[in-house]
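This report refers to the structure that appears directly beneath it.
Number of protein chains: 2
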Amino acid sequence: MRKINSTNALNEAQLIRNCGVVHALSIIGGRWKPTILFNLLYGKMRYNELLKSIPGVSERMLIAQLRELEQHGLIRRIVYPEVPPKVEYELTTLGKSAGPMLQGISDWGNKLRNKKTATTKNAAGIAPA
Amino acid sequence: MRKINSTNALNEAQLIRNCGVVHALSIIGGRWKPTILFNLLYGKMRYNELLKSIPGVSERMLIAQLRELEQHGLIRRIVYPEVPPKVEYELTTLGKSAGPMLQGISDWGNKLRNKKTATTKNAAGIAPA
DNA sequence: GCGCATACTTACTTTTTTGTTAGTACCTGA
DNA sequence: TCAGGTACTAACAAAAAAGTAAGTATGCGC
Numbered sequence: 001m002r003k004i005n006s007t008n009a010l011n012e013a014q015l016i017r018n019c020g021v022v023h024a025l026s027i028i029g030g031r032w033k034p035t036i037l038f039n040l041l042y043g044k045m046r047y048n049e050l051l052k053s054i055p056g057v058s059e060r061m062l063i064a065q066l067r068e069l070e071q072h073g074l075i076r077r078i079v080y081p082e083v084p085p086k087v088e089y090e091l092t093t094l095g096k097s098a099g100p101m102l103q104g105i106s107d108w109g110n111k112l113r114n115k116k117t118a119t120t121k122n123a124a125g126i127a128p129a
Numbered sequence: 130m131r132k133i134n135s136t137n138a139l140n141e142a143q144l145i146r147n148c149g150v151v152h153a154l155s156i157i158g159g160r161w162k163p164t165i166l167f168n169l170l171y172g173k174m175r176y177n178e179l180l181k182s183i184p185g186v187s188e189r190m191l192i193a194q195l196r197e198l199e200q201h202g203l204i205r206r207i208v209y210p211e212v213p214p215k216v217e218y219e220l221t222t223l224g225k226s227a228g229p230m231l232q233g234i235s236d237w238g239n240k241l242r243n244k245k246t247a248t249t250k251n252a253a254g255i256a257p258a
C-alpha cells in the first residue's frame, strides 16, 4: 500500500507535478497497461478475452490495471446484467487519445530492438535467433 | 537485485520482446530517467550539475540511472583526467533520437493535467491553486 | 599532513510492485 | 443439489525499485 509521506511517494508526486513524461507514465506505464491499451485500441473486449490474449497476466494484475485505467478515465467498464456475468471494457476518448503516443513509443522501442539485432549479426549477416 | 528466473523477470522479458512500448519504457522509464534526458537535451552536463538541477535525486539514484542510460547507449560519459575529477554526460545519437518521443509523451501528460485542472474549476471558473 | 572538491561506492533499510493461491457470488441446466 | 461459467476479491509472499548514510580516491594549496 502507498505511504503518502515516504520520500519515495513525495518524490514521485513532485515529479508528476513537474514532468509531463513522469505524469504520463504514471498513467500508461507499468507492466501490463500498454498491452491492455493496445488490445483495446481495436475495440471492446470482455474481461476473459483480455485475460486470454495477454499471456502471463494473473487475474489480480489484470483487474488491478483495469481499475487504474478506469480511474484515470482511459477506459470504460460496461456491465451487462446477465448470468453468467458479462463485462466489457472499451477505450474512452481520452484512452483513444493515447493511441498515437503509444504508437510513437512503440515505434521507437521496435526500431531500437531491430537496430540491436542488426548490430549483433554474425559474419554471415544472419541475425541470431 | 534481479532474479533472472522469477516469474516477474520472465514476464518482463517476454513483454520486452513482444511489446515495443514495454521495451522503450524499460529504457527511458523509471523515476528519474526522463528528467535526466530532458536536462541533457540542451547539451552536456557535469555530474554535479545534474545532481543540482534535479531536485530530490540522491547520488546513488543519479549514478544508477546514468549507468543504465549509458549501458543502453543513450548517453556518453566523458571523463577529463583532472583533479578534482570532471565528468560530463551527453546524449548520443540514439539518445537524441528519443527526444521527439519524449516530447510526445510529455505533451500528452501535460494536456491531461491541464484538462483535469480545468474540470476542477469552481463556480467562478477559477482553477484551484 | 590536512582539509577541500569532485565523482563516485558500499552496505543496508524501506517502500512499492508483482505474483500465488484460494476463495466469493450469481443463475442455469442436468 | 451440484457442477459450470464469468468476473471478480482477499490474504499473503516474493521480488524489484528507491532511499539513507557513510565511506573512497586523487592531487592541490595552505
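Line by line, the protein sequences are chains G and E.
The working numbering numbers the first residue of the first sequence as 1 and each following residue consecutively.
The working numbering numbers the first residue of the second sequence as 130 and each following residue consecutively.
Yeah, the Cβ is synthetic: ideal placement off N, Cα and C, and Gly gets one too.
Inset, instruction - Check the Cβ-Cβ distances between L51 (chain G) and every residue of chain E, and say whether any is below 8 Å. - result: Along the first sequence, read from residue 1 onward, the residue named residue 51 (chain G) stands at position 51. Not an interface residue.
Inset, instruction - Identify, in the order they occur along the chain, each residue of the same chain with its Cβ nearer than 6 Å to the Cβ of R205 (chain E), setting aside the five sequence neighbours on each side. - result: To locate residue 205 (chain E), count along the second sequence from 1; it is residue 76. Result list for R205 (chain E): E219 and T221, in chain order.
Legend entry - C-beta contact flag for A227 (chain E) and I145 (chain E) at 8 Å: Here residue 227 (chain E) refers to the residue found at position 98 of the second sequence. Here residue 145 (chain E) refers to the residue found at position 16 of the second sequence. No.
Legend entry - CA nearest to the CA of K96 (chain G), picked from G:L51, G:F38 and G:N48: For this step, residue 96 (chain G) is matched to residue 96 along the first sequence. Of the listed residues, the one whose Cα sits closest to K96 (chain G) is G:F38.
Inset, instruction - Can you pull the chain E residues whose beta carbon is under 7 Å from the beta carbon of M101 (chain G), in chain order? - result: Start at 1 with the first residue of the first sequence, and residue 101 (chain G) comes out as number 101. Those within 7 Å of M101 (chain G) in chain E are G233, I234 and W237.
Legend entry - V87 (chain G) - containing beta strand (DSSP E), residue span: Position 87 of the first sequence, counted from the first residue, corresponds to residue 87 (chain G). In the DSSP assignment, V87 (chain G) falls within the beta strand (DSSP E) that extends over K86 to L91.
Legend entry - 8 Å Cβ cut-off: residues of chain G touching V160 (chain E): Along the second sequence, read from residue 1 onward, the residue named residue 160 (chain E) stands at position 31. As written in the sequence, residue 160 (chain E) is Arg, which differs from the Val given in the question. N11, E12, L15 and V22, listed in chain order.
Legend entry - Alpha-carbon spacing of G192 (chain G) relative to I54 (chain G), whole angstroms: Nothing can be reported for residue 192 (chain G): it is not among the residues displayed for chain G, which extend from 1 to 129.
Inset, instruction - For the beta strand (DSSP E) containing V79 (chain G), list its first residue and its last residue. - result: Stepping through the first sequence from its first residue, residue 79 (chain G) is reached at position 79. Start and end: I75 to Y80.
Legend entry - Interface flag, G224 (chain E) vs chain G, CB-CB below 8 Å: The residue labelled residue 224 (chain E) in the question sits at position 95 within the second sequence. Taking Cβ atoms only, chain G never reaches closer than 8 Å to G224 (chain E), which makes this a no.
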